[in-house]
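Trainee: Chains as they are written, first to last, in my numbering: chain D, 313 to 675; chain A, 313 to 675. Note that beta-carbon positions come from the ideal geometry of N, C-alpha and C, so glycine has one too.
2 protein chains.
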Amino acid sequence: MDHFEKHHRETHAESALDVTQGVEQQPIVNPHFVRRHRPEFTTEQFVKRILEGDIAVLSQAITLVESNNPAHYAQAQEIIERCLPYAGKSVRIGITGVPGAGKSTFIEAIGGMVAAQNHKLAVLAIDPSSERSGGSILGDKTRMESISTNPKIFIRPSPSAGSLGGVARKTRETVVLCEAAGYDIVFVETVGVGQSETAVHSMVDMFMLLQIAGAGDELQGIKRGIMEMADAVVITKAEGDNITRAELAKRQFENALMLFPLPESGWRPKVYTSSAVAGTGLDEVWAGTMDFVSFTRANGFFEANRRRQNQYWMRETIDEALKSDFYHNPQIESLLPRYCEQVLADLTSPFSAAHELLALYKK
Amino acid sequence: MDHFEKHHRETHAESALDVTQGVEQQPIVNPHFVRRHRPEFTTEQFVKRILEGDIAVLSQAITLVESNNPAHYAQAQEIIERCLPYAGKSVRIGITGVPGAGKSTFIEAIGGMVAAQNHKLAVLAIDPSSERSGGSILGDKTRMESISTNPKIFIRPSPSAGSLGGVARKTRETVVLCEAAGYDIVFVETVGVGQSETAVHSMVDMFMLLQIAGAGDELQGIKRGIMEMADAVVITKAEGDNITRAELAKRQFENALMLFPLPESGWRPKVYTSSAVAGTGLDEVWAGTMDFVSFTRANGFFEANRRRQNQYWMRETIDEALKSDFYHNPQIESLLPRYCEQVLADLTSPFSAAHELLALYKK
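#1: Per DSSP, what are the beta-bridge partners of Phe519(D) in this structure?
#2: Using a Cβ cut-off of 7 Å (strictly closer), state whether Gln389(A) contacts chain D.
#3: Can you name, in chain order, every residue of its own chain whose Cβ lies under 8 Å from the Cβ of Leu574(A), other than the five neighbours on each side?
#4: Taking only runs of the beta strand (DSSP E) that begin and end inside the segment 460-508 of chain D, which ones reach a length of at least 3 residues, in chain order?
#5: Chain D partners of Thr660(A), CB-CB under 8 Å?
#6: Go ahead and pull the three-state DSSP assignment for Ile340(A).
#7: Output, in sequence order along the chain, the residues in the segment 542-573 of chain A whose CB is closer than 9 Å to any CB in chain D.
#8: Give me the subset of the segment 601-622 of chain A whose CB atoms are less than 8 Å from a CB atom of chain D, sorted by chain position.
#9: Would you call the segment 586-602 of chain A and the segment 630-648 of chain D in contact, with 3 or more CB pairs under 8 Å?
#10: Am I right that Ala561(A) and Ile362(A) are in contact with their C-beta atoms under 8 Å? What's the rounded C-beta distance?
#11: Considering only DSSP beta bridges, list what Lys582(D) is partnered with.
#12: In angstroms, rounded to a whole number, what distance separates the CA positions of Leu659(D) and Pro397(A)?
#13: Would you give the residue range spanned by the alpha helix (DSSP H) that Ile374(A) belongs to?
#14: At a CB-CB cut-off below 8 Å, which residues of chain A make contact with Val359(D)?
#15: Where does Ser664(A) sit, in a helix, a strand or coil, going by DSSP?
#16: At which residues does the alpha helix (DSSP H) containing Val426(A) begin and terminate?
#17: Tell whether a beta-carbon distance below 7 Å holds between Pro469(A) and Ala421(A).
#18: Please classify Leu436(D): does DSSP put it in a helix, a strand, or coil?
#19: Counting only Cβ pairs nearer than 9 Å, list the residues of chain D close to Val403(A).
#20: Between which two residues does the alpha helix (DSSP H) carrying Ala568(D) extend?
#21: For Leu659(A), report the span of its alpha helix (DSSP H) as first-last.
#22: Below 7 Å on C-beta distance, what does Leu625(A) contact in chain D?
#23: For chain A, find out if any of its Cβ atoms is closer than 7 Å to the Cβ of Ile644(D); answer yes or no.
#24: Could one say the Cβ of Val655(A) lies closer than 7 Å to chain D's Cβ atoms, at least one of them?
#25: Can you pull the chain D neighbours of Ala434(A), defined as C-beta to C-beta under 7 Å?
#26: With distances taken from CA atoms, which of Ser661(A), Ile644(A), Cys652(A) and Gln654(A) is nearest Lys675(A)?
#27: Does the segment 554-570 of chain A come close enough to the segment 397-411 of chain A that 3 or more CB-CB pairs lie under 8 Å?
#28: Using a Cβ cut-off of 7 Å (strictly closer), state whether Ala373(D) contacts chain A.
#29: Could you tell me whether any Cβ in chain A is nearer than 7 Å to the Cβ of Leu670(D)?
#30: Under 8 Å between beta-carbons, which chain A residues line up against Val488(D)? List them in chain order, please.
#31: Decide if the segment 550-557 of chain D is in contact with the segment 538-558 of chain A; the criterion is three or more beta carbon pairs, one per stretch, under 8 Å apart.
#32: On a Cα-Cα basis, can you pick out the residue from Ile524(D), Ser508(D), Pro440(D) and Ile374(D) that is closest to Ala416(D)?
#33: Can you find a C-beta in chain D that's less than 7 Å from the C-beta of Ala666(A)?
#34: Can you tell me whether Ile524(D) is helix, strand or coil according to DSSP?
#35: Within the continuous alpha helix (DSSP H) that includes Ala383(D), where are the two ends?
#36: Do you know how far the Cα of Asn617(D) is from the Cα of Gly612(A)?
What follows is the structure, encoded as structure tokens:
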């Protein structure tokens, strides 16, 4: 089963538990699997097999995490809580780039290399379009074929949810399960849509921006704020005729990055050129990544950053829920448009409007 | 009375209504002023005199806005609502820079120039330190002396409040009053502390970053995110021996800014050198400012930006209040530390912790 089909099944029938991933499909003997619409494993059974690195069970657990069914949610939280003590022992790397920047090819190439170096790699995704279409631009049928059958690599398309916050939570919790299953390198990829980069940046240790060398003006196309998130920039498709352009782009990015203050990590972001096709640059990117990890572990940033990220997610979740309750309150929902109009027409100050709405909400 | 004394009085005795500002103090004949601790003007009287440009009454109204006394707050909101139809007819310019960048000198010089061109200028401030100390780093006794007695210039130190949100609200509402009083240019200055630049940026039409030319590495000291907010950068103290350094700094900033995508305004930020002492550069800065205003009015960004800012303040105020209510809830206050510890110790996921706290809060 390839990724597109799997993802299609998962988003169109939440109870269709994921059977196999990356392993050739075989008939399942376990009678528990007959009743597809109810997970029959206990929490303990899930946790035991996840810790053993059972890919099928890991996938099923992730499907529970991604489910909007309250019963599934409850069990998913139990599984996560039991897995937490075994999680965290990984390096989490965020990878972003616009469509066409060569993310799949890059991940395929560097993923293969990383797995060959005795790592277990999980490739996850946050795809904002999955909020709406159920389809995933990060779930293309032909993507990452060469690593989709690598037993040391686990690939999972983006979950879908009603909001980016929902997608982010599910992905962040999936990281926990993957780590408990022994995946010591975790990629979280995203495209540059909405706030998805911010979400990914808030759950990884290192953030990598992939760029394709263009006509010399590619810096113009970068979303504001992304440059400052990047710990590394990789200019892709640096091969053949494109090498000169790639080198030029590299220098432009280096100049731009040097103009920023040093990030809190203390690590000056580096720029690489690479060609997945020619196989060049990947060693340097990976060595640089490992250097970053050593450096930030040594200076304490790595741990401090993870702690801060956890705090962030707790407060962010609270904040989003408080706002959701407010804006979905029937009275507020009916009154809000009128207040917005008044504010827009300068008939009332935004602060007055806010205070009145809050007063009504509290009753 | 100079600004330091005035600010001191205002922050240490909220009911000490501001008497005169920028005008030589004269005995007040109005018997209403005898009872200093209660404003005796009706809302109508306040509004009438504000619209007439009465500086003393404007100052008193602002003191009401800045007051934490609920009765004062209520009347302040009435005054603001009545003034709103007369407000908005100004250009609001945010000015930021670290201490030592020459903000006061710059504002003094350009302020005098602007007032001479038949404008009425209000100079306001957001000073985060006023949250704590009651003193103002933007209230220095010797600042802006030459314009402090200019009848066309109104200067008000930062309000204080329990939070940046409170300071921002009070300043934003003060803008309304100043505009109703006929001030058609409004400066809002701040130092680069915390989120104060974001607050200022969210209430102005144009954001100006002041920088002093240093040893060639000044870009290193700029807070992340500030560059991207700037519509103009002014390299100050470009005089004498410093001119070469200033020109170099100008080129560095221009290179850096060119590497960013074009802002939504469509206006490519410009860099200027200026010397308040030598009187150079100020014409160019002001001409550039007026160009920016024409440009953004013509392409619709000016109005759209103001509308979005109002929406922002309404939602921001709601958001802050919802969070404040949550985090100050006695049950939450007592439970939160335990949950934070559990999250920090990886005993519970940040999402679980958040959901449990929310469930308890809703009861």
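Mentor: Put simply:
#1: Gly406(D)
#2: yes
#3: Arg580
#4: 465-467 and 497-502
#5: Glu393 and Leu396
#6: Only weak support exists for where Ile340(A) lies, its pLDDT of 36 falling under 50; the coordinates are left without a value.
#7: Gln564, Phe565, Asn567, Ala568, Met570, Leu571, Phe572 and Pro573
#8: Arg619 and Asn622
#9: no
#10: Wrong, their Cβ atoms sit about 42 Å apart, outside the cutoff.
#11: Ala544(D)
#12: 7 Å
#13: Ile367 to Glu378
#14: Here the premise fails: no neighbours, minimum Cβ distance about 14 Å.
#15: helix
#16: Lys415 to Ala428
#17: no
#18: strand
#19: Per Cβ cutoff of 9 Å: no residues; Val403(A) is ~16 Å from chain D at best.
#20: Ile555 to Met570
#21: Element bounds for Leu659(A): n/a, residue is neither H nor E.
#22: The amino acid at residue 625(A) is misidentified as Leu; the sequence shows Trp. Those within 7 Å of Trp625(A) in chain D are Pro662 and Phe663.
#23: no
#24: yes
#25: The contacting residues do not exist; Ala434(A) stays about 17 Å from chain D at best.
#26: Ile644(A)
#27: no
#28: no
#29: yes
#30: Ser661
#31: no
#32: Looking at the sequence itself, residue 416(D) is Ser, so the reference to Ala does not match. Of the candidates Ile524(D), Ser508(D), Pro440(D) and Ile374(D), the one whose C-alpha sits nearest the C-alpha of Ser416(D) is Ile524(D).
#33: yes
#34: strand
#35: Pro382 to Cys395
#36: 41 Å
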